[in-house]
Amino acid sequence: MQSIVSVRGLGVRFGALQAVNDVSFDAQRGKITAVIGPNGAGKSSLFNLISGAIVPSAGQVLFEGQDVTGASPDKMLRAGLARSFQITNLFFELSVRENLRLAAQFLEKGRGWLQPVATSVHALARVDELIVQFSLQSKADELAGYLSHGEQRRLEIAVSLAARPRLLLLDEPTQGMSHADTQETEILIRSLAVEHGLSILLVEHDVDLVMNLSDHVVVMHQGQKLAEGAPAEVRGNAIVQAAYFGKKQ
Ligand SMILES: Nc1ncnc2c1ncn2[C@@H]1O[C@H](COP(=O)(O)OP(=O)(O)O)[C@@H](O)[C@H]1O
Ligand SMILES: [Mg+2]
Numbered sequence: 009m010q011s012i013v014s015v016r017g018l019g020v021r022f023g024a025l026q027a028v029n030d031v032s033f034d035a036q037r038g039k040i041t042a043v044i045g046p047n048g049a050g051k052s053s054l055f056n057l058i059s060g061a062i063v064p065s066a067g068q069v070l071f072e073g074q075d076v077t078g079a080s081p082d083k084m085l086r087a088g089l090a091r092s093f094q095i096t097n098l099f100f101e102l103s104v105r106e107n108l109r110l111a112a113q114f115l116e117k118g119r120g121w122l123q124p125v126a127t128s129v130h131a132l133a134r135v136d137e138l139i140v141q142f143s144l145q146s147k148a149d150e151l152a153g154y155l156s157h158g159e160q161r162r163l164e165i166a167v168s169l170a171a172r173p174r175l176l177l178l179d180e181p182t183q184g185m186s187h188a189d190t191q192e193t194e195i196l197i198r199s200l201a202v203e204h205g206l207s208i209l210l211v212e213h214d215v216d217l218v219m220n221l222s223d224h225v226v227v228m229h230q231g232q233k234l235a236e237g238a239p240a241e242v243r244g245n246a247i248v249q250a251a252y253f254g255k256k257q
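This is the structure in structure tokens:
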């Protein structure tokens with residue numbers, strides 16, 4: 009089976025700091041792949057390298073077999089890779105529906121003279137579909153800024169999916185969420201992969217969430233890949249336990 013993403017010897021340096029150092033792994037199509045590791049391990053930097061937000065100083069990113077190393081986030085989104093940020097990227101002063109509409113229109117923009125003046129029927133249909141899929145019916149006309157934290161994170165995932173990507177990158181999607189919202193998000197992420205066939209690459213430091221949710225786990229530590237494998241395999245790995253779970257070998 010072809011990987012949706014292959015990362016080969018990827019690295020980035022910030023001054024003297026090698027934030028990501030020679031990292032290689034594959035994420036499989038239709039599966040949930042998680043990158044875990046303590047704060048500062050280089051997870052968000054790795055994610056930014058894959059999504060095009062920062063340019064690697066070494067290595068390659070292949071998306072569906074194509075070399076996309078250093079391509080911009082816009083280009084990546086057009087290619088089929090969307091990302092949701094650790095820091096929110098919603099327009100708080102716009103309604104839920106307007107946030108989704110802007111995102112759904114993304115792929116229709118930049119087509120030069122073909123660009124429609126009004127939002128296309130196609131984009132509006134996508135907005136309605138997302139509102140139902142993400143249970144945002146009662147909030148559709150509310151300003152995004154007035155939603156609860158959990159609802160905002162849910163809307164953010166919906167926004168990322170508006171352009172119908174094949175791979176979704178999520179950076180700590182449950183950060184700051186209540187227990188109930190975390191459980192809901194877990195169900196949502198699983199359904200995106202299982203029912204909708206979306207490939208998901210998840211960056212997370214909540215180990216329990218990752219172990220429940222993922223098909224494959226990559227462990228980062230101090231910029232490097234420490235281990236990878238099935239959740240149980242990784243959890244049982246003595247090196248991972250020593251470095252990450254803080255247990256003595
Ligand atoms: N743009 C940047 N400039 C300088 N240092 C950075 C930058 N982004 C991240 N870092 C540093 O790189 C290291 C890894 O950070 P990050 O990738 O955010 O880790 P994680 O997401 O695993 O917590 C940290 O020491 C962080 O301070
Ligand atoms: Mg991070």
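If you use my numbering, the sequence shown corresponds to residues 9 to 257, in order.
Ideal placement from N, C-alpha and C gives every residue a C-beta, glycine not left out.
For residue i, the residue or residues it bridges with in DSSP
i      : result
MET228 : LYS233
LEU27  : As written in the sequence, residue 27 is Ala, which differs from the Leu given in the question. DSSP, once it has assigned bridges, lists no residue as partnering ALA27.
THR41  : LEU209, HIS224
SER92  : LEU178
GLN74  : PHE71
LEU151 : SER103
PHE33  : VAL15
Residue j beta carbon less than 7 angstroms from that of residue i
i      : j      : result
GLY45  : VAL227 : yes
ASP179 : PHE99  : no
SER65  : GLY17  : no
SER59  : MET84  : yes
SER168 : LEU175 : no
ALA235 : VAL248 : yes
VAL42  : GLU212 : The amino acid occupying residue 42 in the given sequence is Ala; Val does not appear at that position. Yes, these two residues count as a Cβ contact at 7 angstroms.
ALA166 : ILE40  : no
ALA152 : VAL135 : no
LEU108 : LEU138 : yes
PRO173 : GLY73  : no
GLU164 : SER92  : yes
ILE12  : SER207 : yes
Own chain residues within Cβ distance below 8 angstroms of residue i, not counting five before or after
i      : result
HIS229 : GLY45, PRO46, ALA49, ALA251, TYR252
THR182 : ARG161, ASP189, THR190, THR193, GLU194, GLU212, ASP214, LEU217
LEU132 : ARG109, ALA112
ASP149 : SER103, VAL104, ARG105
ALA27  : VAL20, ARG21, GLY50, SER53, GLY231
SER128 : GLN113, GLU116
Residue i Cβ short of 6 angstroms to ligand 2 heavy atom set
i     : result
LYS51 : yes
N-terminal and C-terminal residue of the beta strand (DSSP E) that residue i is part of
i     : result
ILE62 : Segment: none, ILE62 is in no beta strand (DSSP E) and carries neither H nor E.
GLN68 : 66–71
VAL15 : 11–22
Where the alpha helix (DSSP H) containing residue i begins and where it ends
i      : result
VAL104 : 104–113
MET185 : MET185 -> no alpha helix (DSSP H), and no H or E assigned at all.
GLU137 : 129–141
GLN145 : Where GLN145 is concerned, there is no enclosing alpha helix (DSSP H), given that its DSSP letter is neither H nor E.
GLU164 : 157–169
GLU85  : Note that residue 85 corresponds to Leu in the displayed sequence, not to Glu. First-last of the alpha helix (DSSP H) with LEU85: 81–87.
GLU241 : 239–243
ALA4   : There is no way to answer for residue 4, as the model of the chain reaches only from 9 to 257.
Contacts around residue i, its chain only, beta-carbon distance under 6 angstroms, and the 5 residues preceding and following it disregarded
i      : result
ALA240 : none
GLY78  : VAL63
PRO81  : SER59, GLY60, ALA61
GLN232 : ASN29
Closer than 6 angstroms: residue i CB and nearest ligand 1 heavy atom
i      : result
PHE22  : yes
ALA27  : yes
ASN245 : no
GLY48  : yes
Cutoff 7 angstroms; reference residue i; Cβ partners in own chain excluding five residues on either side
i      : result
LYS147 : VAL104, LEU155, GLU159
SER14  : ASP34, LEU70
GLU101 : LEU151, GLY153
SER186 : GLY158
MET219 : PRO239, ARG243
ARG198 : LEU221
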